[in-house]
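*Asks:* Please find one structure pasted underneath; my questions will follow.
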Amino acid sequence: MNEYISLSKQVYHTKLFGFQTTPKRAKSGANFSTMNLSQSYNDSNILYHQDSCLNPIEEASSIKIRIQDQSRSLNDILSIFKSFNVEITRIQSKSYPNWQEKYTTTYYLDYQRGLQEQLKMILIQQLEAISQSVEQLKLPVVPWFPQQLSDLDGIENLTIQTESEAQKLELLYFKDKNYQKRRKLIGLAASQYKINDKSLPIIEYTDNDNYVWDYCFTRLSKLYKNIACEEFNWAIDQFKKQFSNFEQKVPQLNDVSIYLQSQTGWRLKPVAGMLSKREFLNGLAFKVFHCVQYVRHHSVPLYAYEPDIIHDLLGHGPMFAIQDFSDFSQQLGIASLGVSDEELEKLAAIYMYTIEFGMCREKGQLKAYGAGLMGSVNELEYCVSDKPQHLPFNPYVICRDHMNYPLNAIQPLYFVVDSFSDVTKLISDYCNQINRPFNATYNSKQQRIFLDKEVRMVKAINKVPSL
Ligand SMILES: [Fe+2]
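Residues 14 to 480 in our numbering are what the sequence shown spells out, letter by letter.
This is how it looks when you write it as structure tokens:
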């Protein structure tokens, strides 16, 4: 069994996200020059293509106007736009003095598209007449991201076909044809599910499935008492009260999702396999956590070559009932919308050191809260020992020094927080300084993302490398 456990760790850690490497961007055919992508996303290794055919004239819905010495006011600018019935959607201004102590003010205005070209030229001329300079700006181009809840229904297209990966690994249990067949059916139900459906797919778990769940829960729950943080233990107790036979039988994703929604507004969405980092993190913005519904093979209950429902429900599920934890998880999700690949990798690292492998301190004692720890008998005991390094949680230190965290071994380093409100604040501060050409906010009533600036989105095509 031990060799399985160790293999489990190795393979498991490589699979927390969909993939670790992505192909180089194509050198031709992506029309980068017109979209100015090379400037904003020069570290990108995702292939982009245009998903819309906007009129080039309509692209210029942002404008930069410089006015010297307050000779004209913002009112004058707005009056011109008003006379053309063009609505301003965003205004930003910057003022600075020149060597003569005269002030120049630069206004950045976003306005609604749709004005005819001729009228637009007249509008520009009128603006030029009252200003020092007028410059039309192109919309910032960003990778596509979901803006409403139902947009998440489309992202399973990027799901990685895990079966072929498993076949490459020549896993013992993959020779079980009945197991394969069930996995495919469970995956099919997940891919057919739409987020506004009344119920998540209900799975009839077999005796083998329930045996694996029971086996893992029994082993892990003995460790939770002393090693898991107070919040996790509280949430597990709630789960036991809420779901009948929680210790012995695999709970339905639907029931757990309903419970979490009643507590913190989080919901679970079934997915057939793993998603890319971008799609996975984007889901968090909507308080949606993507979960698989299948159980690892019964022949190796402590062996998971990728996250299964034990990792997702037992490891991740409880902490989404904790408000502070759910808050910073969502912050990471909102911050991931439309960011460059470079920024996305940094957010993924912060995710790894918190939601997957996070630790905290309670009354001076080290405790665990990350799902990767809660689902691993070996690592749960190891993480509180004196073998690994423990550093105070700091997102900037993670992004500067620890981007190359190991993916195929037990972690040598954990970041420790004093409280979940601390980590929420630190993540919030970090997310506020991310280099992104817009700000995004989530409206929980409408379950929509609102932007303070219009952007142009392009779809990112993820080519999954063979592992
Ligand atoms: Fe996970």
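Quick reminder that beta carbons are idealized off the backbone N, C-alpha and C, glycines included.
#1: Under a Cβ-count criterion, where at least 16 other Cβ atoms within 10 Å of its own Cβ denotes burial, should S86 be classed as buried or exposed?
#2: Our contact map puts S106 next to T119 with C-beta atoms below 8 Å; I'd like the distance itself, whole angstroms only.
#3: Locate the alpha helix (DSSP H) running through Q378, then write down its first and last residues.
#4: Cβ-heavy atom distance between P320 and ligand 1 below 7 Å?
#5: At a cut-off of 7 Å, is H329 close to ligand 3 when judged by its beta-carbon and the heavy atoms of the ligand?
#6: Out of curiosity, what's the CA-to-CA distance linking K290 and E375?
#7: On a Cα-Cα basis, can you pick out the residue from F463, A384, P450, A241 that is closest to K151?
#8: Applying the 10 Å Cβ sphere with the 16-neighbour rule, what's the burial state of Q489?
#9: Rounded to the nearest angstrom, how far is the Cβ of Q306 from that of I216, given a contact under 8 Å?
#10: Quick one: grab the DSSP three-state call for C373.
#11: Taking Cβ positions, are Q424 and P401 nearer each other than 8 Å?
#12: Express the C-alpha separation of L213 and L266 in angstroms, rounding to a whole number.
#13: Just to confirm, are A453 and L439 a CB contact at a threshold of 8 Å?
#14: Check whether the Cβ atoms of Y443 and A362 lie closer than 8 Å to each other.
#15: Mapping the DSSP letters down to three states, classify D123 as helix, strand or coil.
#16: What are the partner residues of N417, as DSSP defines its beta bridges?
#17: Skipping 5 residues on each side, what residues in its chain have a beta carbon closer than 7 Å to that of N223?
#18: Residue range of the alpha helix (DSSP H) that I363 falls in?
#19: Where does C242 fall in DSSP's three states?
#20: Can we count A384 as close to ligand 1, meaning its CB is less than 7 Å from some heavy atom?
#21: Closer than 7 Å to a non-hydrogen atom of ligand 1 - does that hold for the CB of E369?
#22: What are the partner residues of N452, as DSSP defines its beta bridges?
#23: Report the rounded CA-to-CA distance for D166 versus A248, giving the unit in angstroms.
#24: Using DSSP bridges, identify the partner residues of L150.
#25: Does DSSP put S398 in a helix, a strand or coil?
#26: DSSP state of L236, grouped into three classes?
#27: Using C-beta distances below 6 Å, list every residue in its chain close to S108, excluding the 5 sequence neighbours before and after it, in chain order.
#28: Check the DSSP bridge columns for V430 and list the partner residues they point to.
#29: How would you write the range of the alpha helix (DSSP H) that E95 sits in, first residue to last?
#30: Would you check if the distance between the CB atom of A203 and the CB atom of K380 is smaller than 8 Å?
#31: Within its chain, find whatever has a CB closer than 6 Å to the CB of S434; leave out the 5 residues flanking it on each side and keep chain order.
#32: If you count every other CB in all the chains shown that lies within 10 Å of the CB of L198, and 16 or more means buried, which is it?
#33: Find out if the Cβ-Cβ distance for the pair S349, L294 is shorter than 8 Å.
#34: By the three-class DSSP mapping on this structure, what secondary structure does H329 have?
#35: Is the beta carbon of H403 within less than 7 Å of some heavy atom of ligand 1?
#36: Can you tell me the Cβ-Cβ gap for M308 and I447, rounded? I've got them flagged as a contact below 8 Å.
*Replies:* Inspection of the coordinates gives the following:
#1: exposed
#2: Between T119 and S106 the Cβ distance is about 7 Å, and since that is below 8 Å, they are a contact.
#3: Where Q378 is concerned, there is no enclosing alpha helix (DSSP H), although the beta strand (DSSP E) it sits in stretches over 378 to 381.
#4: yes
#5: Ligand 3 is not part of this structure, which contains only ligand 1.
#6: 31 Å
#7: Of the candidates F463, A384, P450, A241, the one whose C-alpha sits nearest the C-alpha of K151 is P450.
#8: Lying outside 14 to 480, the shown extent of the chain, residue 489 is not represented and no answer is given.
#9: The Cβ separation is near 5 Å, so the contact holds.
#10: strand
#11: yes
#12: CA-to-CA, the gap between L266 and L213 works out to about 7 Å.
#13: no
#14: It is not a contact, given that the beta carbons lie outside the stated cut-off.
#15: strand
#16: DSSP lists no partner for N417.
#17: Q261, K262, V263
#18: Counting along the chain, the alpha helix (DSSP H) containing I363 begins and ends at 354 to 364.
#19: coil
#20: True, at least one ligand heavy atom lies under 7 Å from that Cβ.
#21: yes
#22: Answer is none; N452 lacks a bridge partner.
#23: D166 and A248: Cα-Cα distance of roughly 29 Å.
#24: S75
#25: coil
#26: helix
#27: Hits under 6 Å: Y116, T118.
#28: In the DSSP assignment, V430 forms a beta bridge with C373.
#29: It is Lys, not Glu, that sits at residue 95 in the sequence shown. Its alpha helix (DSSP H) spans residues 87 to 96.
#30: no
#31: Correct list, in chain order: D337.
#32: exposed
#33: yes
#34: helix
#35: no
#36: Here residue 308 is Val; the residue named in the question, Met, does not match the sequence. Wrong, their Cβ atoms sit about 37 Å apart, outside the cutoff.
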